[in-house]
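Chemist: For the sequence shown, position 227 matches number 227 in the numbering used here, and the numbering has no gaps at all.
Let me give you the structure first, and then I'll get to my questions.
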Amino acid sequence: MPSSNRIPGLWALRKTPSVYGGAGGYGTRVSRASTSVFRADDVLTDPKETMKNLNDRLAYYLDQVRALESSNKKWELQIREHCENMGHSEARDNTAYLTLIANLRNKISNQQLENQSIFFQMNDVQLSADNFKLKGDKEMNLRCSVEADVSHLRKVRDGLTMTTSDLELQIEGLKEELFYMKKNHEEEMHLLREQQGGSVNVEMNNAQCMDLTKALSEVRLQYERLMEKNKSELQSWFLTKVETFNTVSTTTTVEENSFHSELSELKKTYQSYEISRESLLREMSHWQQTMEEVQSRFGVQLTQLQMNINALEAELGQLRVSMETQQFEYSALLDLKMRLELEIEEYRRLLGAELEKKTVIISKVEEKVVEEHKPHIERRTKTIIEEIVDGVVVTHKVETQVEDIQ
1 MPSSNRIPGL WALRKTPSVY GGAGGYGTRV SRASTSVFRA DDVLTDPKET MKNLNDRLAY
61 YLDQVRALES SNKKWELQIR EHCENMGHSE ARDNTAYLTL IANLRNKISN QQLENQSIFF
121 QMNDVQLSAD NFKLKGDKEM NLRCSVEADV SHLRKVRDGL TMTTSDLELQ IEGLKEELFY
181 MKKNHEEEMH LLREQQGGSV NVEMNNAQCM DLTKALSEVR LQYERLMEKN KSELQSWFLT
241 KVETFNTVST TTTVEENSFH SELSELKKTY QSYEISRESL LREMSHWQQT MEEVQSRFGV
301 QLTQLQMNIN ALEAELGQLR VSMETQQFEY SALLDLKMRL ELEIEEYRRL LGAELEKKTV
361 IISKVEEKVV EEHKPHIERR TKTIIEEIVD GVVVTHKVET QVEDIQ
């Protein structure tokens, strides 16, 4: 700063703002400029007291500076070694972790593809099971309809059996009636013969009268013809009914046998479908259990990796906090150093003024001119630029600007 812009009686110490940050702006920190001002009137009030105070403060500050410099060097060495070790170890560990994560991602993608294929297979199995179930329901409905037809045919057969038994009973009744009619006819004929064979003969002189015996014989012949006709008709009807019943019974038996065979085949098919469905369900449950085990195993591995990543991030955050603390302490040390340099310059200036005063007194006595030694005052501004990538210091640059004040 030029002397024309400086306020008289004040010395200003300004700390230059510095910026350092990581890649992408992550971890960037900006330190603002600060100004410390003290008056020269307090210093120039009593030169001896000021000199004594300055000597004490100088000794104290020098001790502090030495202690802080040694501590700062120790911390810088430790930080540098730690950063180098962490840089190498993090690079190596990150490579291993990245490789492991890539492998796990590949395994997860493969497992996801396998899970999708298993899911599609499960869907196909479910569709097949539903199809088999529908077929089984259709077969069951067909079986019920066949059983209903069989029961209906059995009822028809029972009805035919009842009809046959009824017809047989009717035939027996007709035979008995025919027997009774024959017996009655024989008795009537016997009575007629006995009546004709008696001693009484009644003769009637009537040309139009018919022979009673002839009429009875004609009636008997007509009745016998009628009985033979009825018997033949009844026998033919009975034989026709029996033949029809036998035909229907044979057809019913054949159909029933075919229905039984078809029903047994349907039962076998249904049992085979049921066995296939149970095997598919067991396979599906096995694949589901396998998928759950794989998901749980990869979940545990991902949890462990996440815990490792969180631990590394926490360690990295601690390292960043430690670096920021060290940077703050380093900035405070630089500020203190600049203040000490200004106080040393002030101390030199005061020493130069006292020496000038003594040399003037001596020149009066000895008439000797002593060359005046003016102190040289300058302002040094140091700017520290550090580039941090992932918590590691990549570049460290220090720029120093020097301005002559006197």
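For every residue, glycine included, the Cβ atom is placed at its ideal position computed from N, Cα and C.
In this text, all values refer to a predicted model and were calculated from it rather than measured experimentally.
Give me the Cβ distance between residue 160 and residue 259, rounded to the nearest whole Å; I'm assuming they're in contact under 8 angstroms.
Modeler: That pair is no contact at about 18 angstroms.
Chemist: Could you pull the DSSP bridge partners for residue 379 from this structure?
Modeler: 403.
Chemist: Please state whether the Cβ-Cβ distance between residue 72 and residue 347 is less than 9 angstroms.
Modeler: Cβ atoms of residue 72 and residue 347: not closer than 9 angstroms.
Chemist: For residue 192 versus residue 163, is the C-beta spacing smaller than 9 angstroms?
Modeler: Not in contact: residue 192 and residue 163 (Cβ atoms no closer than 9 angstroms).
Chemist: Can you list, in chain order, the residues of its chain with a C-beta nearer than 7 angstroms to that of residue 256? Leave out the 5 residues immediately preceding and following it.
Modeler: 150, 153.
Chemist: Going by alpha carbons, who is nearest to residue 138 out of 301, 69, 266?
Modeler: Of the candidates 301, 69, 266, the one whose C-alpha sits nearest the C-alpha of residue 138 is 266.
Chemist: Please report the Cβ distance between residue 277 and residue 132, rounded to the nearest whole angstrom; I am assuming they are in contact, meaning their Cβ atoms lie under 8 angstroms.
Modeler: Yes, residue 277 and residue 132 are in contact; Cβ-Cβ is about 5 angstroms, under 8 angstroms.
Chemist: Assuming residue 397 contacts residue 385 (C-beta within less than 8 angstroms), just tell me the rounded distance between them.
Modeler: With 8 angstroms as the limit, residue 397 and residue 385 qualify as a contact, their Cβ atoms being about 4 angstroms apart.
Chemist: Suppose the cutoff is 7 angstroms on Cβ atoms and the five residues either side in sequence are ignored; what does the same chain contact list for residue 248 look like?
Modeler: Here the set comprises 160.
Chemist: Give every residue of the same chain whose Cβ lies closer than 6 angstroms to the Cβ of residue 394, excluding the five residues on either side of it in the sequence, and list them in chain order.
Modeler: These residues qualify, in order along the chain: 387.
Chemist: Could you check what DSSP says for residue 396 in three-state terms: helix, strand or coil?
Modeler: Residue state, collapsed to three classes: strand.
Chemist: Taking residue 280 and residue 128 to be in contact with their CB atoms under 8 angstroms, please state how far apart those CB atoms are, rounded to whole angstroms.
Modeler: At roughly 7 angstroms, the Cβ-Cβ gap stays under 8 angstroms, so residue 280 and residue 128 are in contact.
Chemist: Taking one C-beta from the region 333-350 and one from the region 62-81 each time, how about it: are there three or more such pairs within less than 8 angstroms?
Modeler: Output reads yes: the region 62-81 touches the region 333-350.
Chemist: Could you tell me which of 100, 182, 238, 237 sits nearest to residue 221, measuring between CA atoms?
Modeler: Measuring from the Cα of residue 221, the nearest candidate turns out to be 182.
Chemist: Can you tell which of 79, 50, 59, 143 has its C-alpha closest to the C-alpha of residue 269?
Modeler: If we check each option's Cα against that of residue 269, 143 comes out closest.
Chemist: For residue 289 and residue 300, what's the separation of their Cα atoms in angstroms?
Modeler: Rounded to whole angstroms, residue 289 to residue 300 spans 17 angstroms at the Cα level.
Chemist: Express the C-alpha separation of residue 49 and residue 378 in angstroms, rounding to a whole number.
Modeler: Each residue's Cα considered, the two are about 25 angstroms apart.
Chemist: Can you give me the C-alpha to C-alpha distance between residue 296 and residue 76, rounded to a whole angstrom?
Modeler: For residue 296 and residue 76, the distance between alpha carbons rounds to 46 angstroms.
Chemist: Rounded to whole angstroms, what's the CA-CA distance from residue 321 to residue 101? Just pull it up for me.
Modeler: Spanning the two alpha carbons is a distance of roughly 28 angstroms.
Chemist: Taking 9 angstroms as the cut-off, decide whether the C-beta atoms of residue 136 and residue 273 are in contact.
Modeler: Yes; because the gap between Cβ atoms is below 9 angstroms, this pair is in contact.
Chemist: If you run the structure through DSSP and keep just helix, strand and coil, what is residue 385?
Modeler: DSSP places residue 385 in strand when its eight states are reduced to three.
Chemist: For the candidate residues 168, 312, 123, whose alpha-carbon lies nearest to that of residue 235?
Modeler: Of the listed residues, the one whose Cα sits closest to residue 235 is 168.
Chemist: Here's the rule I'm using: 16 or more other beta-carbon atoms within 10 Å means buried, otherwise exposed. How should residue 307 be labelled?
Modeler: When all chains shown are included, residue 307 counts as exposed.
Chemist: Are residue 185 and residue 223 close, meaning C-beta to C-beta below 9 angstroms?
Modeler: Yes.
Chemist: Report the rounded CA-to-CA distance for residue 81 versus residue 103, giving the unit in angstroms.
Modeler: So the two alpha carbons sit approximately 32 angstroms from each other.
Chemist: Just how far apart, CA to CA, sit residue 177 and residue 231?
Modeler: If I take the Cα positions, the gap works out to 12 angstroms.
Chemist: Report yes if the CB atom of residue 381 is closer than 9 angstroms to the CB atom of residue 403, and no otherwise.
Modeler: In this structure, residue 403 lies closer than 9 angstroms to residue 381 by Cβ.
Chemist: Ordered along the chain, which non-local residues of its own chain (more than five positions away) have a Cβ less than 7 angstroms from that of residue 310?
Modeler: Here the set comprises nothing.
Chemist: At 3 residues or longer, and completely inside the region 260-348: list those beta strand (DSSP E) runs for me, N to C.
Modeler: Fully enclosed beta strand (DSSP E) runs of 3 or longer: not present.
Chemist: Please identify the residue among 399, 343, 115 whose C-alpha is closest to the C-alpha of residue 54.
Modeler: Answer by Cα proximity: 343.
Chemist: I need the straight-line Cα distance from residue 113 to residue 292, nearest angstrom please.
Modeler: In a straight line, the C-alpha of residue 113 is about 15 angstroms away from that of residue 292.
Chemist: Would you please state the rounded distance, in angstroms, between the beta carbons of residue 263 and residue 146? I believe it to be under 8 angstroms.
Modeler: Residue 263 to residue 146, Cβ: 6 angstroms. Contact.
Chemist: Hey, how far is the Cα of residue 84 from the Cα of residue 115?
Modeler: Cα to Cα, the separation comes out at about 45 angstroms.
Chemist: Does the beta-carbon distance from residue 328 to residue 107 come in below 9 angstroms?
Modeler: Cβ distance not < 9 angstroms, so residue 328 and residue 107 don't count as in contact.
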